[in-house]
Structure formats: C-alpha cells, structure tokens
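**Student:** Below is a structure I'd like to ask you about.
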Amino acid sequence: MEWRHRHVLDLDSWDRSELQHILEQTRSMDELLDRPIKKVPALRGKLVVNLFFEPSTRTRVSFELAEKFLSVDVVNWTASGSSTGKGETLRDTAWTLEAMGADAVVVRHGAVGAADYLAKKLRRSVVFNGGDGAHAHPTQALLDLYTAWKSLGDLHGRKLAMIGDVLHSRVARSDIIAFSRMGVKVELSGPPTLMPRAPEALGATFRKDPHDAVRDADIIYLLRIQRERQEEGMFPSLDEYHQFFGADSRLMGSARPDALVMHPGPINRRVEISSEVADGPQSMILGQVRSGVALRMALLFVCLGGVRQ
Amino acid sequence: MKILLHNAILFDGVSLFGKETDVAIDGGLIEAIGEADLRGGFDVIHDLSGKILCPGFIDLHCHLRDPGQEWREDLFSGSAAGAAGGFTTLVCMPNTDPPLDSPALVSYVLEKSERSPGSRILPAGCVSRGRKGKVLAEMGKMAKAGAVIFTDDGSPVSDTGLLRLALQYSSWLGVRLMEHPEEKSLTAYAQVNEGICSTLSGLKGWPSSAEASDISRGVSLCRDTGVPIHFTHVSAEDSLRVLREAKASKLPVTFDVTPHHLCLSEENVIEGGYDSVFKVNPPLRSRRDRDALWEAVAEGIVDAIATDHAPWHLDEKDLPFQEASFGIASLECAVAAVLTEWEDRGRPCSLERLLGLFTSGPASILPGEWGGAGAGRIEVGLTADLTVLDPELERIVNVEEWKSKARLTPWNGRRLRGWPVMTMVGGRTVHPVEDIDRGLS
Numbered sequence: 096m097e098w099r100h101r102h103v104l105d106l107d108s109w110d111r112s113e114l115q116h117i118l119e120q121t122r123s124m125d126e127l128l129d130r131p132i133k134k135v136p137a138l139r140g141k142l143v144v145n146l147f148f149e150p151s152t153r154t155r156v157s158f159e160l161a162e163k164f165l166s167v168d169v170v171n172w173t174a175s176g177s178s179t180g181k182g183e184t185l186r187d188t189a190w191t192l193e194a195m196g197a198d199a200v201v202v203r204h205g206a207v208g209a210a211d212y213l214a215k216k217l218r219r220s221v222v223f224n225g226g227d228g229a230h231a232h233p234t235q236a237l238l239d240l241y242t243a244w245k246s247l248g249d250l251h252g253r254k255l256a257m258i259g260d261v262l263h264s265r266v267a268r269s270d271i272i273a274f275s276r277m278g279v280k281v282e283l284s285g286p287p288t289l290m291p292r293a294p295e296a297l298g299a300t301f302r303k304d305p306h307d308a309v310r311d312a313d314i315i316y317l318l319r320i321q322r323e324r325q326e327e328g329m330f331p332s333l334d335e336y337h338q339f340f341g342a343d344s345r346l347m348g349s350a351r352p353d354a355l356v357m358h359p360g361p362i363n364r365r366v367e368i369s370s371e372v373a374d375g376p377q378s379m380i381l382g383q384v385r386s387g388v389a390l391r392m393a394l395l396f397v398c399l400g401g402v403r404q
Numbered sequence: 117m118k119i120l121l122h123n124a125i126l127f128d129g130v131s132l133f134g135k136e137t138d139v140a141i142d143g144g145l146i147e148a149i150g151e152a153d154l155r156g157g158f159d160v161i162h163d164l165s166g167k168i169l170c171p172g173f174i175d176l177h178c179h180l181r182d183p184g185q186e187w188r189e190d191l192f193s194g195s196a197a198g199a200a201g202g203f204t205t206l207v208c209m210p211n212t213d214p215p216l217d218s219p220a221l222v223s224y225v226l227e228k229s230e231r232s233p234g235s236r237i238l239p240a241g242c243v244s245r246g247r248k249g250k251v252l253a254e255m256g257k258m259a260k261a262g263a264v265i266f267t268d269d270g271s272p273v274s275d276t277g278l279l280r281l282a283l284q285y286s287s288w289l290g291v292r293l294m295e296h297p298e299e300k301s302l303t304a305y306a307q308v309n310e311g312i313c314s315t316l317s318g319l320k321g322w323p324s325s326a327e328a329s330d331i332s333r334g335v336s337l338c339r340d341t342g343v344p345i346h347f348t349h350v351s352a353e354d355s356l357r358v359l360r361e362a363k364a365s366k367l368p369v370t371f372d373v374t375p376h377h378l379c380l381s382e383e384n385v386i387e388g389g390y391d392s393v394f395k396v397n398p399p400l401r402s403r404r405d406r407d408a409l410w411e412a413v414a415e416g417i418v419d420a421i422a423t424d425h426a427p428w429h430l431d432e433k434d435l436p437f438q439e440a441s442f443g444i445a446s447l448e449c450a451v452a453a454v455l456t457e458w459e460d461r462g463r464p465c466s467l468e469r470l471l472g473l474f475t476s477g478p479a480s481i482l483p484g485e486w487g488g489a490g491a492g493r494i495e496v497g498l499t500a501d502l503t504v505l506d507p508e509l510e511r512i513v514n515v516e517e518w519k520s521k522a523r524l525t526p527w528n529g530r531r532l533r534g535w536p537v538m539t540m541v542g543g544r545t546v547h548p549v550e551d552i553d554r555g556l557s
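Note that the protein sequences, when read in sequence, are chains L and G.
The opening position of the first sequence corresponds to residue 96 in this note's numbering, with each subsequent residue numbered one higher.
The opening position of the second sequence corresponds to residue 117 in this note's numbering, with each subsequent residue numbered one higher.
The following block contains the structure:
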C-alpha cells in the first residue's frame, strides 16, 4: 500500500486499513525475531537518533533493539549530558540533529506537542513520537494492538476494559484511539478524579464500577498509577486504590477466565495489579515487550523507505 | 489645520447614517458634521466614499510590556500597532516589570504616549502593591496621575477581602476595577479548555467554573458594596449566565470579550496540531461557549470587545505547546477578525451594535474626559479621534509586516474582510493607507 504518514506522531488520522497494514508488517518482523540471527540489512546506512528528554528504559531499549536488528546506525541523545540540559531549545536541537544527517528522530519529551513541534521544524528527518507528555504514545498503542490481534485474531466487535489513570496517560489516549478504530468497544473505569472530562471524544465510555467494565471484556488493560498522583491528592491512598480498582482475584472474578490482561509496564505490584494476576496465565505483559520490538521494526521499515522503494 | 472627511457613512458611536456625510475637523476638534462646501479652505480633503467613519476605537485591554519587557513590545511599537489596527486609544495593562503600581509609572506611560507615533495610550494601574495581591496600591495617587482602570490583570485579585477593600476604597476615585476572572486553585498547570481539548490532548484542563466562580464572587461583592466592577476576557457560557443575571438585577457590572474567543475555539488547538499560537489565558473554549459569546453580543449584554493583545518574543512563544507562554497577539487584525467572523456567521447582530463594542461601549467604562456621555462618539466640539473602516476591503494577514514586535498570531495568512484604513488621533492622521487619500485640496 502507498504509505501516507511521513511521521508517526499520533494515530488520530490513521484509518483501519493502515493499522491493519502495520499489524501484518509487524507479524513478518515478529517471525524474524525467532531466527537464530535476528539482524537483517534492511535499513543499512540509515541514521536514527533516539532523543530522550524523559527517563525511559523500555521504549528506548525497544527502539534501539529494533533499529539494531534492521542495521540502522543508532545514536542515543539524552537530555542530561547534552546541550539540552543547558537550556537549548527543542528547535535548535532539532536543527542540530538534522545537520548531523539524521534520517529519523525518535523523541520522548515531557511536553504535549513536542513531537508535532519537532516534525514542523524538521525539513528532512522523519519523527517517531516515543511519548509526548500525556498526549500520545503511538508505538505503545500499535504494539498493544498487535499483541491483542496475535492472540485474538480479528478484533472487530471485541471489548477492551481500561482501568486506571486515564487522565494523565498518553498510553490510554493512543490505545483508545487505536482499539476503537479497529472496531473494539472501549470502556474505562477508575477513580473519577483520574478520568478525562469527555471520554466520548476519544470514543470510550466511563463505567463507575470496574467490575462492570471488565465483565465480558476480551482485554483488560491496566494503566500504571504514578505515585505522584496520590501525593497530589487525586485519590486518598494507594491501598484504597488497590482495594477498589486494582486487578486482583476479586476483580478478575467478574471477568471472563480467558480475558487477556495487558499493562504497558513498568508494573506496580499491589497497586494497579496483584502478583497473582501479573504472573498468571492471562497476563500478556511479557508478550507486549516482545511485540514492541517487532512493531518498531515494522514502523521503521515502512517509514524509512522499506515500502516506498 | 483644517481637514474634511468627505462622503463618509457616519457611525456616531450609536447609530449608522445611511446618507453620506462630511465631517470637518479644525485644530484637532470636530468642527462640523453635515454637508460641507468643498471650497471651504480645507488643507486636506479625504474622500471616504463607501467607507464608514467611526469614533476612534478603544481597546480596554492590551499588554504593551513597557517598562521592563521591551523585547516583547514597547509603548512606541504598541502605539504604532494600535493605530494600524484602527485603535485611537489603548489601555495598557500593569503587569510590567516593575508592575505599574505607582504614580511615577503612570506618568511615565502618559509622557511616552505623548511622544508615541500612533494610538494614545492610557495606563491601567495595579490594584495591589507590586501586583502581589496583599495590600492596596496607591490608587488615589495613580488615579490623580491619570490611571484609567485598576487591575492586577494576568492574575485575579484572589483574596476576597482585598477585592472588597479595593472596591470600597476606589469608589471615591471614579476609576473602575477590572477583574481578571480566574479561580487559581482550579487552574494550576492548566493549559487548555477542560473538555474535548483536554481529553484528546492530555493537557491539563482549565474548567469554565474557574472563570464563572470568580465572576460570581465579584458580582456578590458588587452587590454588597454597590461599586462598579468590570470583568475582562469573559470566555465561557457559564460566566455569561452569572453576568446576565447580574445585569438583569441592574448591578453596575460590565464585561468585555476578546476577538480570539469570538473567532476561535478549542477545536483550533486540536486541528492546529497543538500549535502554541492558540495558547491563551483564559483558554480557547468549546464551540458552544463561542456561540454563547455571540448570542450575548446580539443580546446586547456585552459592553466591549477588548483585544488582550499579548505579544511575546518568538523565543518565548515558538515552543512546544506545553512550554510556550500564554497569550495571543492581535492588535493589528482584531477588528478585521471580528468583522469577518460576524459576516461568516450571517451577521448575528446589527453593525451598529458590533461597532459600539469598539467605541461607545469601552468609552463608558473609562473615567473623566475619556468616558462619560461624549466619549466614543462623533459630536461637534469633541476631540477628533476617528477610525475609518472599509467594510469591503479584503486583505491577507501578514505578521511579518506588523508594527507590533509580535511575530506569531493565529490569523497569520488568513484572508480577512473589513479593515480599518485610516486612524486619526486628535486630528492627526496616524495611520494613512493607500488610495484613500485623494488629495482633493
């Protein structure tokens, strides 16, 4: 298919066939990961800069592995230990990277709109959004979509229950958009203080009782609770959170026994998830990590010329 | 110098006159209105056929950043920008560095205004010393020096006791208090309207109730003290409900709305890919709020349109949305933006009513010689502060040509219709444009 997205900033304008295309590309890459030698020369000679202004282990490592498996030359540029720490603007950083010949930039930044901004300033390089503030994390959503699709097949008509801090979650925003575009019904639950004002604008509905949300769900998606939110007073205590919204055997008792349990990681045991669920047979958490590498390989391949050529 | 403005459609501040009229100006004053003898010894004759001659437009709310932040704007660049935008009078906000809270700084603005190239500039003084919201600033001295409004704009007067004191204390000065309505405990870290925009963007939501609750508080104090209060940049339908009720009960409450809240909504933030030109306090609201503002204009409860022109240096504004400064620069296209939106909406109110919001409306808020019965009008004997509008003229906004130091505006590149083409301050033409001056003398 003719690929029309130069950058991967968010999934707002992606249609179902484009999501499907990426799922299929990811499957090919996933198969590659089973080979004894994983490295292929698909993107040899391309330069990708991983530009991280926020601490991240999983996303950065996952991108780096994906890049290395495709023979990309990788530069890791972190905010600390570079000029950004001394107050260089994002615009100047962007132009510097482009002057160095970056074919693509993977950016993780604490400010909403940072990836969009970078994309507007770069004339040549492709931008992959590795997370901008609480706005979007498109690669996480795509890898989640792939993980679910790999297990369930066609996702149309399925139901996803998402429990937790939707308000502050870029993962939630991108996942809701991705899953609902594939025909999945999305229901949210969590403390009302952690819900966005207009969930219907994202294509989701809010259920006050998490037991109602997980009932009949094919996928139960748990969001990470940042401890700062409790310190800010958004809910009274972590223990109270766990009692009412944590995924433990009680909550799972309301769900179907074959429902998939997903979490973007890193998990807080005994807050949003209990160990029995995290380590149980329904947990897809480690599968998501593997999918992440395959998905990022697929995206790099598609956006950096693998298909266009 | 005798000047004749020939064949204009006259808007006198209240009514539009169908028949083309002449206005003669002598010594900076309006000398005569009616049909003039073209041989009457005029030094200059401007043919204004097809154009609307209005009382000079008054902007009750703009940020000219002087003293102390002249890299963003200064009184001279602001004055030139105001004239280009059709404004003869600008009220500059006191959130300068240092804050404009003393008679010396009031005099500084007025003296610099005397030497400025365009609009006259009238200073607003702080309500509280240092704009810190703790104790009253020297309002009496500032009023005597020429401050025309008191406000801590940029911030509300959050301490209710202080706001009440300020109303009571200023009542003998005849200078109105302007509240920036914002309940700060609801807006910490907030970036965009709470609703669709905050939900989709992940940016912290700024609820309407942050504005409406502060207005409710101010209305309550107005009822209590009987002292007039003005609310600036009202943006939300919830606020309008409170204000409508206050006005219905004849309280001395007034308010203004901005061109950007009339012309833009939170959808522009989303569609613009979180472009920081759309970042402003209060935030661009929902489509419903924007419609409600126009309904309020049509209803006649809005007192003024004020720009809240907030220029920033590119380095402070050309940043990712979350890191950029709050504020929209609009002085030079505000009138055209509003006229275009009014036309696009199928003229929700009469042209008289709309033009009144730039003239007699804001004048009624100002004290002394700037306010009262004659201000914002065209009458024989009044100072010749005049604005000429060409309602048909279409022009594309090009921010690079602005007299303002701002280089970002949401309207850049947009085609707007209905532009001020001539601005006259005290009989002096401060914004002459193109082919309007036929030099018939």
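Positions of the beta carbon are idealized from the N, C-alpha and C atoms, including for glycine.
1. Ignoring anything shorter than 3 residues or poking outside the region 103-176 of chain L, list the beta strand (DSSP E) runs there in chain order.
2. Can you tell which of L:Leu185, L:Pro294, L:Phe158 has its C-alpha closest to the C-alpha of Gly387 (chain L)?
3. Bridge partners for Val281 (chain L) per DSSP, in chain order?
4. Starting from Ile380 (chain L), trace the alpha helix (DSSP H) both ways and give me its first and last residue.
5. Provide the residue(s) that pair with Glu295 (chain G) in DSSP beta bridges, ordered along the chain.
6. Using a beta-carbon distance below 8 Å, is Thr303 (chain G) in contact with chain L?
7. Bridge partners of His204 (chain L), per DSSP?
8. Nearest to Glu468 (chain G) by alpha carbon, out of G:Ala304, G:Gly487, G:Met117, G:Phe127?
9. Do Leu400 (chain G) and Glu387 (chain G) have their beta-carbon atoms positioned less than 8 Å apart in this structure?
10. Taking Cβ-Cβ distances shorter than 7 Å, what residues in chain L pair up with Thr315 (chain G)?
11. Give the single residue among G:Leu473, G:Phe394, G:Phe474 whose Cα lies nearest to the Cα of Asn105 (chain G).
12. With distances taken from CA atoms, which of G:Ala414, G:Asp153, G:Val243 is nearest Val273 (chain G)?
13. Under 8 Å, with one C-beta from each stretch per pair, do the region 127-145 of chain L and the region 163-171 of chain L reach the 3-pair mark?
14. Specify, as a first and last residue, the run of the alpha helix (DSSP H) that Val541 (chain G) falls within.
15. What is the rounded straight-line gap between the Cα of Asp138 (chain G) and the Cα of Gly277 (chain G)?
16. For Leu169 (chain G) and Gly208 (chain L), I'd like the C-alpha separation in whole angstroms.
17. Taking contact to mean 3 or more Cβ pairs, one atom from each stretch, closer than 8 Å, check whether the region 287-299 of chain G and the region 260-270 of chain G are in contact.
18. Closer than 8 Å by beta-carbon distance: list the chain G residues that pair up with Arg265 (chain L), in chain order.
19. According to DSSP, is Leu356 (chain G) helix, strand or coil?
20. Assuming Gly318 (chain G) contacts Arg265 (chain L) under a Cβ cut-off of 8 Å, what Cβ separation, rounded to an integer in Å, is found between them?
21. With a floor of 4 residues, list each alpha helix (DSSP H) that falls wholly inside the region 421-509 of chain G, ordered by position along the chain.
22. Where does Ala267 (chain L) sit, in a helix, a strand or coil, going by DSSP?
23. Using DSSP with H/G/I as helix, E/B as strand and the rest coil, what is Thr374 (chain G)?
24. So who's on the other strand from Met357 (chain L), going by DSSP bridges?
25. Ser244 (chain G) by DSSP, collapsed to three states: which one?
26. Going along the chain, which residues of its own chain have a beta-carbon closer than 6 Å to the beta-carbon of Gly176 (chain L), five neighbours each way excluded?
27. In whole angstroms, what separates the C-alpha of Gln120 (chain L) from that of Asp330 (chain G)?
28. Any C-beta of chain G sitting closer than 8 Å to the C-beta of Ala198 (chain L)?
29. Examine the ligand MG and report whether any of its heavy atoms sits within less than 7 Å of the Cβ of Pro464 (chain G).
30. What does the Cβ neighbour count give for Val496 (chain G), buried or exposed, with the cut at 16 atoms within 10 Å?
31. Excluding the five sequence neighbours on either side, which residues of its own chain have a C-beta within less than 8 Å of the C-beta of Thr341 (chain G), listed in chain order?
32. When you compare only the Cα positions, how much space is there between Gly249 (chain G) and Gly262 (chain G)?
33. According to DSSP, simplified to helix, strand and coil, what is His547 (chain G)?
34. Under the three-state reduction of DSSP, which class applies to Lys257 (chain G): helix, strand or coil?
35. Find out if the Cβ-Cβ distance for the pair Val207 (chain G), His177 (chain G) is shorter than 8 Å.
36. Count the other CB atoms within 10 Å of the CB of Asn145 (chain L); is the residue buried (16 or more) or exposed (fewer)?
**Tutor:** Quick answer:
1. 142-147, 168-173
2. Looking up residue 387 (chain L) in the first sequence gives position 292. Nearest of L:Leu185, L:Pro294, L:Phe158 to Gly387 (chain L), Cα basis: L:Phe158.
3. As a working note, residue 281 (chain L) is residue 186 in the first sequence. According to DSSP, which records beta bridges pairwise, Val281 (chain L) is partnered with L:Leu255, L:Ala299.
4. In the first sequence, the residue the question calls residue 380 (chain L) occupies position 285. Segment 380-396, the alpha helix (DSSP H) holding Ile380 (chain L).
5. Counting from 1 along the second sequence, the entry for residue 295 (chain G) is found at position 179. Partner(s): G:Phe347.
6. Here residue 303 (chain G) refers to the residue found at position 187 when the second sequence is read from its first residue. No, no contact with chain L.
7. Locating residue 204 (chain L) in the first sequence gives position 109, where the first residue counts as 1. Paired residue(s): L:Asp227.
8. Working through the second sequence from its first residue, we reach residue 468 (chain G) at position 352. It is G:Phe127 whose Cα lies nearest to the Cα of Glu468 (chain G).
9. As a first step, residue 387 (chain G) must be located in the second sequence, where it is residue number 271. As a first step, residue 400 (chain G) must be located in the second sequence, where it is residue number 284. Contact: no.
10. Your numbering for residue 315 (chain G) matches position 199 in the second sequence. Chain L residues near Thr315 (chain G): Pro291, Arg292, Ala293, Pro294, Ala296, Leu297.
11. No answer is possible for residue 105 (chain G): the residues shown for chain G start at 117 and end at 557.
12. Counting from one through the second sequence, the residue named residue 273 (chain G) turns up at place 157. The candidate whose alpha carbon is nearest that of Val273 (chain G) is G:Val243.
13. yes
14. Within the second sequence, numbered from 1, the residue matching residue 541 (chain G) stands at position 425. Element bounds for Val541 (chain G): not the alpha helix (DSSP H) but the beta strand (DSSP E), 531-541.
15. In the second sequence, counting from the first residue as 1, residue 138 (chain G) sits at position 22. In the second sequence, counting from the first residue as 1, residue 277 (chain G) sits at position 161. Rounded to whole angstroms, Asp138 (chain G) to Gly277 (chain G) spans 53 Å at the Cα level.
16. Within the second sequence, the letter at position 53 stands for residue 169 (chain G). Within the first sequence, the letter at position 113 stands for residue 208 (chain L). Rounded to whole angstroms, Leu169 (chain G) to Gly208 (chain L) spans 44 Å at the Cα level.
17. yes
18. Position 170 of the first sequence, counted from the start, is the residue given in the question as residue 265 (chain L). Here the neighbours are Gly318.
19. By 1-based counting over the second sequence, the position of residue 356 (chain G) is 240. Helix, per DSSP.
20. Counting from 1 along the second sequence, the entry for residue 318 (chain G) is found at position 202. Counting from 1 along the first sequence, the entry for residue 265 (chain L) is found at position 170. Yes, Gly318 (chain G) and Arg265 (chain L) are in contact; Cβ-Cβ is about 6 Å, under 8 Å.
21. 430-433, 450-460, 467-472, 476-479
22. As a working note, residue 267 (chain L) is residue 172 in the first sequence. Ala267 (chain L) falls in the helix class under three-state DSSP.
23. Residue mapping note: residue 374 (chain G) aligns to position 258 of the second sequence, counting from 1. Coil.
24. Taking the first sequence and counting its residues from 1, the one referred to as residue 357 (chain L) is at position 262. Looking at the DSSP assignment, Met357 (chain L) forms a beta bridge with L:Tyr316.
25. Walking along the second sequence from the start, residue 244 (chain G) turns up at place 128. Three-state result, Ser244 (chain G): strand.
26. Counted from its first residue, the first sequence places residue 176 (chain L) at position 81. Its pLDDT being 48, under 50, Gly176 (chain L) is placed unreliably in this model, and the coordinates cannot settle the point.
27. The sequence position of residue 120 (chain L) within the first sequence is 25, counting from 1. The sequence position of residue 330 (chain G) within the second sequence is 214, counting from 1. Approximately 54 Å between the Cα atoms of the pair.
28. The count along the first sequence starts at 1 and reaches residue 198 (chain L) at position 103. One detail in the question is off: residue 198 (chain L) reads as Asp in this sequence, not Ala. By this cut-off, Asp198 (chain L) is not an interface position.
29. The ligand content of the structure shown is nil, which means the ligand MG is not present either.
30. The residue labelled residue 496 (chain G) in the question sits at position 380 within the second sequence. With fewer than 16 Cβ atoms within 10 Å of its Cβ, Val496 (chain G) is classed as exposed.
31. Start at 1 with the first residue of the second sequence, and residue 341 (chain G) comes out as number 225. Excluding sequence neighbours, Thr341 (chain G) sits near Arg280, Leu283, Gln284, Ser287.
32. The residue given as residue 249 (chain G) occupies position 133 in the second sequence. The residue given as residue 262 (chain G) occupies position 146 in the second sequence. Gly249 (chain G) and Gly262 (chain G): Cα-Cα distance of roughly 22 Å.
33. Within the second sequence, residue 547 (chain G) is the residue found at index 431, counting from 1. If DSSP states are grouped into helix, strand and coil, His547 (chain G) belongs with the strands.
34. For the purposes of this step, residue 257 (chain G) is identified with residue 141 of the second sequence, where counting begins at 1. Residue state, collapsed to three classes: helix.
35. Counted from its first residue, the second sequence places residue 207 (chain G) at position 91. Counted from its first residue, the second sequence places residue 177 (chain G) at position 61. Going by C-beta atoms, Val207 (chain G) is nearer than 8 Å to His177 (chain G).
36. The residue labelled residue 145 (chain L) in the question sits at position 50 within the first sequence. The residue is buried, with at least 16 neighbouring Cβ atoms inside 10 Å.
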